[in-house]
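Chemist: Quick one: structure below, then a few questions.
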Amino acid sequence: MARASGLAVSALRFYDSAGVLVPAEVDPATGYRRYSESQLLAARLIAGLRRVGMPVAEIARAVAHLPDPPAVRALLDDYQQRLEDGLTDARHELTRLRHLLAPGLNSLEITMTSISLPADALSAALDAVRFAASIDPDLPMINGVLLETRPDSLTLVATDRYRLAVAESAATITGPPTRLVAPLPFIDALRPLLSPGIVTLDLTPATISAQTPSGRLDTSPLDVDFPDHRALTSAAPSADARSIQADAPTLRAAVHAATPIHRDLQGTPYELAILTLDPTGTLLRTADESDWSEDSPTHIAVNREFLLQALAATGPGQLTLELDGPIKPLAVRTPTTYSILMPVRH
Numbered sequence: 001m002a003r004a005s006g007l008a009v010s011a012l013r014f015y016d017s018a019g020v021l022v023p024a025e026v027d028p029a030t031g032y033r034r035y036s037e038s039q040l041l042a043a044r045l046i047a048g049l050r051r052v053g054m055p056v057a058e059i060a061r062a063v064a065h066l067p068d069p070p071a072v073r074a075l076l077d078d079y080q081q082r083l084e085d086g087l088t089d090a091r092h093e094l095t096r097l098r099h100l101l102a103p104g105l106n107s108l109e110i111t112m113t114s115i116s117l118p119a120d121a122l123s124a125a126l127d128a129v130r131f132a133a134s135i136d137p138d139l140p141m142i143n144g145v146l147l148e149t150r151p152d153s154l155t156l157v158a159t160d161r162y163r164l165a166v167a168e169s170a171a172t173i174t175g176p177p178t179r180l181v182a183p184l185p186f187i188d189a190l191r192p193l194l195s196p197g198i199v200t201l202d203l204t205p206a207t208i209s210a211q212t213p214s215g216r217l218d219t220s221p222l223d224v225d226f227p228d229h230r231a232l233t234s235a236a237p238s239a240d241a242r243s244i245q246a247d248a249p250t251l252r253a254a255v256h257a258a259t260p261i262h263r264d265l266q267g268t269p270y271e272l273a274i275l276t277l278d279p280t281g282t283l284l285r286t287a288d289e290s291d292w293s294e295d296s297p298t299h300i301a302v303n304r305e306f307l308l309q310a311l312a313a314t315g316p317g318q319l320t321l322e323l324d325g326p327i328k329p330l331a332v333r334t335p336t337t338y339s340i341l342m343p344v345r346h
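Structure, rendered in structure tokens:
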């Protein structure tokens with residue numbers, strides 16, 4: 001099997017111990033592992049996925065889905081996309097660092113990045129993330145909104161540790177890639193200035209300037225190291241993860257109508273909302289505390305106010321909710337935005 005699959009004997013032992021590729025027979029006297037011919041495809045799949053760095057848990061999912069080739073192809077496509085996104089991010093960061101180290105760093109002509117986009121697009125992006133920004137003075141690294149450029153888009157990110165919101169908007173970018181944190185007073189002052197027209201943001205390591213149809217606004221970026229939001233959202237889903245389509249206004253109404261569950265965090269009261277799937281596994285519904293108590297693994301509880309704010313930020317259309325058990329974050333997605341909410345354990 002080692003020769004035919006490309007897996008070393010030590011690798012075969014490892015995947016046996018991990019339960020990914022268990023031999024058809026093991027000689028009790030010698031410990032020699034024998035594999036059936038039908039296991040060769042699985043072994044070759046493992047060898048290939050190992051070479052491209054896929055984590056063991058995801059390899060196990062791919063092997064388990066071998067009877068369903070379209071499902072395996074979907075897993076491969078998802079992993080490839082994550083690799084490509086990671087490579088894009090790495091190139092982006094390395095380019096930024098090259099500019100940082102370039103001669104003439106003190107020249108604004110070299111270090112300035114200009115971003116132009118419609119005011120309504122920037123308004124929508126700000127509205128999609130502002131609710132998640134932290135105002136805790138003990139956490140200065142997240143007391144703002146991250147502005148991050150890609151070759152043809154602007155990404156905005158905000159978090160308060162209990163939730164995270166991301167919005168992306170197409171934009172015209174000139175200058176080097178940049179990653180700056182705008183202080184919340186600037187964000188809140190900018191929003192009313194976004195009347196119809198084009199907005200230009202000029203970013204340097206020392207300044208953030210916004211030229212809007214209603215006037216100009218300037219500030220200095222926060223001197224902080226904003227958390228890497230991709231590290232929080234790039235984890236592979238489990239085999240039980242579900243993506244459910246929902247109508248945002250309908251779901252908001254259901255959450256409003258559900259009886260809230262009262263909790264306390266370090267002396268601060270708050271309310272919970274509990275979500276679960278219907279028996280078909282295709283429709284999302286709210287649940288009460290007794291349902292949660294009887295079957296907590298199939299339910300997810302989140303801060304009710306945070307959920308309502310995340311749903312309101314998506315606007316009136318369709319959205320996708322991603323559920324992956326009671327202890328993993330709940331994701332709320334639209335084509336250009338997403339937010340994640342940390343769950344509350346039973």
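Residues 1 to 346, numbered by UniProt numbering, are exactly what the sequence shown covers, in order.
Glycine included, each C-beta is placed from N, C-alpha and C at the ideal position.
Taking DSSP's pairing of strands, which residues face Glu271 in a bridge?
Modeler: Here residue 271 is taken as the residue at index 271 of the sequence shown, counted from 1. Answer by DSSP bridge pairing, in chain order: His262.
Chemist: What separation, rounded to the nearest whole angstrom, lies between the Cα atoms of Glu148 and Pro176?
Modeler: By 1-based counting over the sequence shown, the position of residue 148 is 148. By 1-based counting over the sequence shown, the position of residue 176 is 176. About 11 Å.
Chemist: Whose C-beta lies closer than 8 Å to the C-beta of Arg263 among residues of the same chain, with five residues either side of it excluded?
Modeler: Residue mapping note: residue 263 aligns to position 263 of the sequence shown, counting from 1. Pro269, Tyr270, Glu271, Leu272, Val344.
Chemist: What number of angstroms, rounded off, separates the C-alpha of Glu168 from the C-alpha of Glu25?
Modeler: In the sequence shown, residue 168 corresponds to position 168, counting from 1. In the sequence shown, residue 25 corresponds to position 25, counting from 1. In a straight line, the C-alpha of Glu168 is about 53 Å away from that of Glu25.
Chemist: Once DSSP output is grouped into helix, strand and coil, what is the label at Asp247?
Modeler: By 1-based counting over the sequence shown, the position of residue 247 is 247. Strand, per DSSP.
Chemist: Where does Leu139 land, buried or exposed, given buried means 16+ other C-beta within 10 angstroms?
Modeler: Looking up residue 139 in the sequence shown gives position 139. Classification of Leu139: exposed, given that the 10 Å Cβ count is below 16.
Chemist: Quick check on DSSP: helix, strand or coil for Thr111?
Modeler: As a position in the sequence shown, residue 111 is number 111, starting the count at 1. Three-state DSSP puts Thr111 in a helix.
Chemist: Do Tyr79 and Glu58 have their C-beta atoms closer together than 8 Å?
Modeler: For the purposes of this step, residue 79 is taken as the residue at position 79 of the sequence shown. For the purposes of this step, residue 58 is taken as the residue at position 58 of the sequence shown. Going by C-beta atoms, Tyr79 is nearer than 8 Å to Glu58.
Chemist: Since residue 350 and Arg179 are thought to touch, with beta carbons under 8 Å apart, how far apart are those beta carbons, to the nearest angstrom?
Modeler: The structure shown has nothing for residue 350, since the chain only spans 1 to 346.
Chemist: Would you report the Cα separation of Tyr338 and Ala128, rounded to the nearest angstrom?
Modeler: Sequence index remark: in the sequence shown, residue 338 carries index 338 (1-based). Sequence index remark: in the sequence shown, residue 128 carries index 128 (1-based). Their Cα atoms are separated by approximately 8 Å.
Chemist: Let's test the definition: count the other Cβ atoms within 10 Å of the Cβ of Ser123 and tell me whether it reaches 16, buried, or not, exposed.
Modeler: Locating residue 123 in the sequence shown gives position 123, where the first residue counts as 1. That one is buried.
Chemist: At a Cβ threshold of 8 Å, is Ala2 touching chain B?
Modeler: Among the chains in the structure shown there is no chain B, since it carries only a single protein chain.
Chemist: Which residue or residues does DSSP assign as beta-bridge partners of Pro183?
Modeler: Position 183 of the sequence shown, counted from the start, is the residue given in the question as residue 183. The partner list for Pro183 (beta bridge, DSSP) reads Gly144.
Chemist: Considering only the alpha carbon of each residue, which of Glu37, Ser36, Asp27, Ala43 lies closest to Ala11?
Modeler: Along the sequence shown, read from residue 1 onward, the residue named residue 11 stands at position 11. Among Glu37, Ser36, Asp27, Ala43, the Cα nearest to that of Ala11 belongs to Ala43.
Chemist: According to the neighbour-count rule (16 or more other Cβ atoms, all chains shown, within 10 Å of its Cβ), is Ala133 buried or exposed?
Modeler: Locating residue 133 in the sequence shown gives position 133, where the first residue counts as 1. By the neighbour-count rule (16 or more Cβ atoms within 10 Å), Ala133 is buried.
Chemist: Assign Pro183 to buried or exposed, taking buried as 16 or more other Cβ atoms, counted over all protein chains shown, within 10 Å of its Cβ.
Modeler: Position 183 of the sequence shown holds residue 183. By the 10 Å Cβ count, Pro183 comes out buried.
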